[in-house]
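In what follows, a structure is listed as structure tokens, so that the remarks can point back to it.
Protein chains: 2
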Amino acid sequence: MDKLEILLKAAPKITREKNLNNLIEILSNLAKDMIEVDRCSLFIIDEQKKELYTIFAHGVNEIRIPMNSGIAGHVAKTGKTYVTENAYRSKFFNKEVDKILGYKTRNLLAVPIFDSKGKVIGVYQAVNKSSKFKSSDIKLMKLIAEFAAAAIENMMLYEKIKELHKKSLIKLSKAAEYKDPEPPNHFIRIGFISRLVAEKLGLDEEKCEILLLASTMHDIGKIGIPDRILKKSGRLEPDEWEIMKKHPIIGYELLYDEESELFQIAAIIALEHHERWDGKGYPFGKKETEISLWARIVSIVDNFDTLITEKDEGEPWSLDMAVNYMEAMKEKAFDPEIVNIFLGNMDKVIEIWEKYKD
Amino acid sequence: MDKLEILLKAAPKITREKNLNNLIEILSNLAKDMIEVDRCSLFIIDEQKKELYTIFAHGVNEIRIPMNSGIAGHVAKTGKTYVTENAYRSKFFNKEVDKILGYKTRNLLAVPIFDSKGKVIGVYQAVNKSSKFKSSDIKLMKLIAEFAAAAIENMMLYEKIKELHKKSLIKLSKAAEYKDPEPPNHFIRIGFISRLVAEKLGLDEEKCEILLLASTMHDIGKIGIPDRILKKSGRLEPDEWEIMKKHPIIGYELLYDEESELFQIAAIIALEHHERWDGKGYPFGKKETEISLWARIVSIVDNFDTLITEKDEGEPWSLDMAVNYMEAMKEKAFDPEIVNIFLGNMDKVIEIWEKYKD
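So the sequences go chain by chain: A and B.
Per UniProt numbering, the first sequence runs over residues 1 to 358.
Per UniProt numbering, the second sequence runs over residues 1 to 358.
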């Protein structure tokens, strides 16, 4: 296969790859094949620790070196390419790394990696070419390093916006908490446990992730319920109860978005999480599979979590009591199949519950 | 420059490009240079309209053709590469397009573009090579098409998550509206007008975008104020007023996030949007440039919008009255420089205000 083909085959993989480690492995293999060297390694600058560390290196685990040490350190500092045909004669070469790895570096080509603003963010090294490095190798390595920088930056940008998006959703859930002080982290637990149940039901990974985020917002509609009802300590009067029962519809209206699957699922969960398998729930009295799968999952998770969690008033139920209740409510409040799956994975449920207890 | 170099130079540009039209132009130039043809065009399938349309084509504007017409239609349907050395003899060729463009297609190579799930999403065409297409050209074009598909898909994913993120923030602002029924779209107008003022102040584009989103959430803290105070129609008692004055702090606590610049700015706006230039505001009585620039902008925009907008009680002020008030409050409530910029761009402020009036 000629070099052009090698590169073109790698390009779409690089562009689509969403995992940093995989990405760097693909890039390093690319560099290895194109420059025809024995090994490649990519060092990234850790500004806080003043170190350089490899996010990928052929044949070795992570290497960490002080910021200004070795050839990589020299290149990171100067932002200039460095080539040596005899590493042990280079005044910058750090022999210690070879000693630790049990490897013999003969020759070495190191190029800096720049972000789009021109700041050095790392160093790409190619080690042990059987012949000497040619000027075309250096050119090639520089171009691969540029491609690597673009791909890494792109991926980090994507990760950043995804992270931000999750944060917004958590804040949305938290906003609802201001009105309805559920036990701390209630909504986070609902998210993680609902995702677990969805996984055990065999739903695909993307849908499980959506459920994790969407389910946290199921009670957001309580924002629209007046304090005098939401915070009343005694029993609600019938007319007050009618108003309270509107929180699923308010949540639906707030969340629904015709262009976003995430918000559609979040909206349907908000709308239907108080429906019951036997049709005696609210707001519409839907029953069995008329209720969306999402809401049937969240209803089980939400109820169980509420039972076993410490509240301001009243003791939490013991685990046994809560499990018995869930059993007893099969086909009454809950989808029996999902209850079975839920109870069948109680160890994992409790693991999540413990982790996010407060 | 050899082909390998052409490709490697294009790769980081392609990877970093965030604008679809620019991306396709880069890709088409790449294909043009590597296959050595006169023109390239990329057709995308519009499922809803059952059409194929060019998102880029050398030398022409958008072309739209029915889904099954022409060589592009044939390739889209079959998912197979098609080559002809004499287009006018091909039974699939659509002569009409040449007629409209005043162009003479001699030979043509068309390859399908697949998404990562293997579905055809478009067709990449290379037109008029001076010699015949070689098998290596076909291979190259297929690989470029794969690269194009990956880049397009990647970009669309990024756009989608960005869009979702914006939606979450808007929903967060809307959630606050449930408690404090501001005039409709108040928070959206605050966002767009604040961005306008920031632009006129010469802030960079990224910061202006952040302000657009961050400012919409300035009143989110009202979620934490009891209804009896928030919705009281008469004057607040001193103790009620003390509680009301906590909404900036509640907003800050809800929004602040140490890893996100957006939420940091949103938090500081929520915290300081009732501070005054003369130090007589709340919650801390900060003055002049002790108050963040963001909050000084939003305070002006928020006050002005409230004055001129129809409310349940009381008439809105006329534009003249509101402008006079802003003038009069310079150096009292507001940063005088920002007021000057705000009033100096009144035509654009009103344009946004009209657009999002209801």
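Here a beta-carbon is modelled for each residue, glycine too, at the ideal position from N, C-alpha and C.
Since we're looking at a predicted model, the values are computed, not measured.
At a cut-off of 8 Å between beta-carbon atoms, residue 118 of chain B makes no contact with chain A. Between the segment 187-201 of chain B and the segment 35-54 of chain A, the count of Cβ pairs shorter than 8 Å is below three; the stretches do not touch.
The DSSP assignment places 95-101 as complete runs of the alpha helix (DSSP H) inside the segment 73-145 of chain A, in order along the chain (cut-off: 4 residues). Cβ-Cβ distances below 6 Å link residue 75 of chain B to 82, 110, 112 and 123 in the same chain, with the five nearest sequence neighbours on each side left out; the list follows chain order. Residues of the segment 142-170 of chain A with a C-beta less than 8 Å from any C-beta of chain B: 143, 144, 146, 147, 149, 150, 151, 153, 154, 157, 158, 161, 162, 163, 164, 165, 167, 168 and 169, listed in chain order. In the structure shown, residue 16 of chain A adopts helical secondary structure according to DSSP, grouped into three states. Under a 10 Å Cβ-count criterion, residue 88 of chain A is classified as exposed, with fewer than 16 other Cβ atoms of the shown protein chains found around its own Cβ. Comparing alpha-carbon positions, the option among A/258, A/107, A/215 and A/351 lying closest to residue 169 of chain A turns out to be A/215. Within the segment 255-285 of chain B, 255, 257, 259, 260, 262 and 263 place their CB atoms closer than 9 Å to a CB of chain A, listed in sequence order.
The segment 268-287 of chain B makes no contact with the segment 142-161 of chain B; the number of CB pairs closer than 8 Å stays below 3. Across the structure, residue 103 of chain A and residue 28 of chain A are spaced so that their CA atoms are roughly 18 Å apart. Relative to the Cα of residue 301 of chain B, the nearest Cα in the group B/323, B/282 and B/311 belongs to B/323. Interface residue (Cβ-Cβ distance to chain A less than 8 Å): residue 248 of chain B is not classified as such. At a Cβ-Cβ threshold of 8 Å, residue 150 of chain B and residue 16 of chain A count as neighbours. Taking C-beta atoms under 8 Å as the contact rule, residue 332 of chain B and residue 278 of chain B qualify, at a distance of about 5 Å. Within the same chain, and ignoring the five residues on either side of residue 356 of chain B in sequence, the residues whose Cβ sits closer than 6 Å to its Cβ are 185, 188 and 189. A straight line joining the alpha-carbon of residue 320 of chain B with that of residue 305 of chain B spans about 13 Å.
Of the other Cβ atoms in all chains shown, 16 or more fall within 10 Å of the Cβ of residue 153 of chain B; this residue is therefore buried.
The C-beta of residue 350 of chain A has fewer than 16 other C-beta atoms within 10 Å across all chains shown, which makes the residue exposed. Under the Cβ distance rule, residue 9 of chain A counts among the residues neighbouring chain B, one pair being separated by less than 8 Å. DSSP places residue 304 of chain A within a helical segment (H, G or I) once states are collapsed to three. For residue 203 of chain A, the three-state secondary structure derived from DSSP is coil.
Taking every protein chain shown into account, the CB of residue 3 of chain A has 16 or more other CB atoms within 10 angstroms, so this residue is buried. Counting along the chain, residue 52 of chain A sits inside no alpha helix (DSSP H); it lies in the beta strand (DSSP E) bounded by residues 51-57.
With respect to the 8 Å criterion, residue 254 of chain B and residue 220 of chain B are classified as neighbours on the basis of their beta carbons.
Classified as buried, residue 137 of chain B has 16 or more neighbouring CB atoms from the shown chains inside 10 Å of its CB. Taking 8 Å as the Cβ-Cβ cut-off, the segment 194-222 of chain B approaches chain A at 220, given in chain order.
As for any alpha helix (DSSP H) of minimum length 4 sitting wholly inside the segment 311-356 of chain B, the runs are 319-328, 336-344 and 346-355, ordered along the chain. Under DSSP, residue 249 of chain B shares a beta bridge with no residue.
Judged by their CB atoms, residue 44 of chain B and residue 100 of chain B are not nearer to each other than the 8 Å cut-off. When the five nearest sequence neighbours on each side are left out, the beta carbons in the same chain lying within less than 6 Å of the beta carbon of residue 250 of chain B are those of 221 and 224, in order along the chain. For residue 227 of chain B, the C-beta contacts it makes with chain A under 8 Å involve 226, 227 and 228, in order along the chain. Inter-residue distance for residue 86 of chain B and residue 59 of chain B is about 21 Å (C-alpha atoms, whole angstroms). The DSSP-derived three-state label of residue 260 of chain B is coil. Following the DSSP letters along the chain, one finds residue 243 of chain A inside the alpha helix (DSSP H) bounded by residues 238-244. When beta bridges are read from the DSSP output, residue 66 of chain B appears opposite B/51.
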